[in-house]
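Position 23 (the sequence shown) corresponds to 23 in UniProt numbering; numbering is contiguous.
Here the structure is laid out as structure tokens; the discussion comes afterwards.
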Amino acid sequence: MTAPDPIRRFVEATNAGDTEAFLETFTADALLTDWGRSFRGRDGIARWNQSDNIGVRSHLDIVRIAQSDGGYHVRINVAGDGFNGEGDMTFTLDGDRIASLIIA
1 MTAPDPIRRF VEATNAGDTE AFLETFTADA LLTDWGRSFR GRDGIARWNQ
51 SDNIGVRSHL DIVRIAQSDG GYHVRINVAG DGFNGEGDMT FTLDGDRIAS
101 LIIA
């Protein structure tokens, strides 16, 4: 399965280190949950991005993707100066943006 456009842009913006493009992949009131830590809206997601994503030079590669329960379950490989290894991300989309992202 090919990644839907918002998920593809999320990965591309992260890999390019483009914070503005990264934040634009989310709805204004999006929720990001990372192992129980929750970040709401673009301001909250910007804080997560700085501490856990672009701020630690993450590079993402999609391992596999499947549609499930109205969202997308993505197995992703992460490399950089923060977490390294594979993990699971569940995306819920709203049009051409990400409404929620759960990392577990």
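Where is the CB? At the ideal position from N, CA and C, for every residue including glycine.
* How many angstroms separate the CA atom of Gln67 from the CA atom of Glu12? -> 20 Å
* Asked: Shorter than 9 Å from the beta carbon of Gly82 to some beta carbon of chain D?
  -> Within the model displayed, chain D is absent; a lone protein chain is all it includes.
* To do: Would you mind sorting Ala104 into buried or exposed? The rule is 16 or more other CB atoms within 10 Å of its CB.
  => exposed
* **Ranges of the alpha helix (DSSP H) found wholly within the segment 26-62, counting only runs of at least 4** => 41-52
* **Residue span of the beta strand (DSSP E) that contains Asn15, given as start and end** => Not the beta strand (DSSP E): Asn15 falls in the alpha helix (DSSP H), residues 5-16.
* Which partner residues does Met89 have in the DSSP bridge list? -> Val74, Ile103
* Asked: Just curious, the alpha helix (DSSP H) that Thr19 is in, first and last residue?
  -> 19-24
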